[in-house]
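Counted the way the UniProt record's numbering counts, the sequence shown spans residues 1 to 369. Built from N, CA and C at the ideal position, the CB exists for glycine as well. A quick note: this is a predicted structure, and the numbers were derived from the prediction, not measured. Step one of this worksheet: look at the structure below.
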Amino acid sequence: MRKLQITNGMFIAMVVNVIFAKAIGVTQGVLARAVGQDMWVATLLGTLQGAVMMFVTYIVLRRTPHLNYIELSALLLGKWFGKIIALLIFVFFLGEFGPIMITFVYHLKDYFLPEAPVWLFTVSSLIVGAIGCYYGLEVMGRIALIGLLFIFLLNTLIILGSTNEFDIRNLLPFLEHGFLRTAAASLHFDVDWALAVMLGALIIPYVNGTAARGGQLSVISILASGMLVIIWAILEGAVLSAEVTSQYTISCMKLARNAHIGNFLQRYEMIMIALYSVSVLFEVMFCIYGSSVSLASILGLKSNKTMILPVCLILGVFGTWIVEDHFRAIDYLEHVWPKIALPVAIGLPLILLGLRMLLRKKLDGVASS
């Protein structure tokens, strides 16, 4: 049993935070370019797929709830196999930092600070993320709870502010491009829950009561995330129209500019950034955590804290390089990253599930001891 235990609420909040920011920030624009007004349907299909994969992630760890994916891999096929899995997870978090920075930097730079250098955003976010990572999962879990509260508040405000502009006709015709094309487009939202799957691979052993309720919590966390994101998908389609949404890299900011409550509260941009920033910074925080844990495992270190600074340097260089060029950033976001993220997030749980079934006797001995 792990000495550190995070609550069920913290775990759900963590999953929601790592999915929400990018999903409403840039993914809906990608989906609008792919399937138009059916972007909310693609989000729904992706949510159901994510719930299945999070449940598989839990099933892999169910018999050994005290082990994460790296430790389980080492137990199954030896130390070197564990290091290979750790390297794969490190590459995943390194690649994930690109979309996170696209979401964070373009929100602030394009709308508020166009003259600020890119490195200013990457360095400031990494400093905040490194501090949170250093103080550990419990502090990160509390930050995620605050982020979840802000997400609920932001969703409430955007619903109230968009009511007068809502036109359901913008969401018709339903499934205009067909079910198969819409299902294929849902892969872009699958990339968002891929980070949640990797979070579960490292965090589930720390969740209080994993053995009893881990599967239920995993599914609930993805479904809750999806429902919070679908609200934005519907509003962006009905208020802005799919055509307008598709023209923006950060489509949620266009929706925030349109939202208003009477004559008093006009244009939500600053409110949105204030409420939205905690979720984005939590993504940065957990990206540093996942990278440092996997790198520490590769090097055989007991603590990930010594790896936080080296990881921040690596992530900072890569993230800055990605966002410096808009064309490179969008190409990486829409074409390159899905081809890396999905094979890891889907393939790794399935491979470990197969190995767990083949080597059941070894795991039974560990579980009984």
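- Looking at 239, 30 and 146, the one whose alpha-carbon comes closest to that of residue 186 is 30.
- Within the model, the alpha-carbon separation for residue 130 versus residue 287 is close to 10 Å.
- It is roughly 9 Å from the alpha-carbon of residue 123 to the alpha-carbon of residue 320.
- In this structure, DSSP gives residue 159 a helical state, which the three-state scheme calls helix.
- Under the DSSP assignment, residue 286 falls in the alpha helix (DSSP H) whose first and last residues are 269-299.
- The count of Cβ pairs closer than 8 Å, one atom from the region 132-140 and one from the region 4-24, reaches three, so the stretches are in contact.
- Pairing residue 279 with residue 147 gives a Cβ-Cβ distance under 7 Å.
- Here DSSP, grouped into helix, strand and coil, assigns residue 6 to strand.
- Runs of alpha helix (DSSP H) with 4 or more residues, each lying fully within the region 173-246, are found at 179-185, 187-203, 210-235 and 242-246, listed in chain order.
- Counting other Cβ atoms within 10 Å of its Cβ, residue 270 stays below 16 and is therefore classed as exposed.
- Counted as a single uninterrupted DSSP element, the stretch harbouring residue 302 is not any alpha helix (DSSP H), since DSSP gives it neither H nor E.
- DSSP places residue 107 within a helical segment (H, G or I) once states are collapsed to three.
- Shown here, residue 66 sits in coil according to DSSP, grouped into three states, outside any helix or strand.
- Two segments are said to touch when three or more pairs of C-beta atoms, one from each, lie closer than 8 Å; by this definition the region 58-69 touches the region 348-358.
- Here residue 339 is exposed: its Cβ has fewer than 16 other Cβ atoms, across all protein chains shown, within 10 Å.
- A Cβ-Cβ distance of about 28 Å is found for the pair residue 94 and residue 275, leaving them out of contact under the 8 Å criterion.
- From the listed residues 291, 313 and 314, the smallest Cα separation to residue 303 is found for 291.
- Ranking 299, 293 and 342 by CA distance to the CA of residue 68 puts 293 first.
- DSSP places residue 56 inside the alpha helix (DSSP H), whose first and last residues are 39-61.
- Rounded to the nearest angstrom, the Cβ distance from residue 103 to residue 21 is 6 Å, consistent with a contact under 8 Å.
- The beta carbons of residue 252 and residue 126 sit no closer together than 7 Å.
- Sequence-distant Cβ neighbours of residue 333 in its own chain, meaning closer than 8 Å and more than five residues away, are 26, 30, 98, 99 and 102.
- In the DSSP assignment, residue 318 falls within the unbroken alpha helix (DSSP H) covering 308-323.
- In this structure residue 79 is exposed. Its beta-carbon is surrounded by fewer than 16 other beta-carbon atoms within 10 angstroms.
- Per DSSP, residue 331 is one residue of the alpha helix (DSSP H) stretching across 326-331.
- Taking the CA atoms as reference points, residue 178 sits about 15 Å from residue 44.
- Closest in alpha carbon position to residue 33, among 284, 236, 314 and 323, is 236.
- Taking 8 Å as the upper bound for CB-CB distance, residue 118 and residue 128 are not in contact here, some 17 Å apart.
- Counting along the chain, no alpha helix (DSSP H) covers residue 114, and no H or E run does either.
- Relative to residue 71, the option among 197, 245, 184 and 201 whose CA is nearest is 201.
- Residue 42 and residue 189 do touch by the CB rule: their CB atoms are close to 6 Å apart, below 8 Å.
- Positions of the alpha helix (DSSP H) runs, each at least 4 residues long and wholly inside the region 66-93, are given as 69-77 in order along the chain.
- The DSSP-derived three-state label of residue 255 is helix.
- For residue 217 and residue 285, the gap between their C-alpha atoms comes out near 22 Å.
- Taking 7 Å as the cut-off, the Cβ atoms of residue 239 and residue 166 count as close.
- When secondary structure is reduced to three states using DSSP, residue 136 falls in the coil class, being assigned neither helix nor strand.
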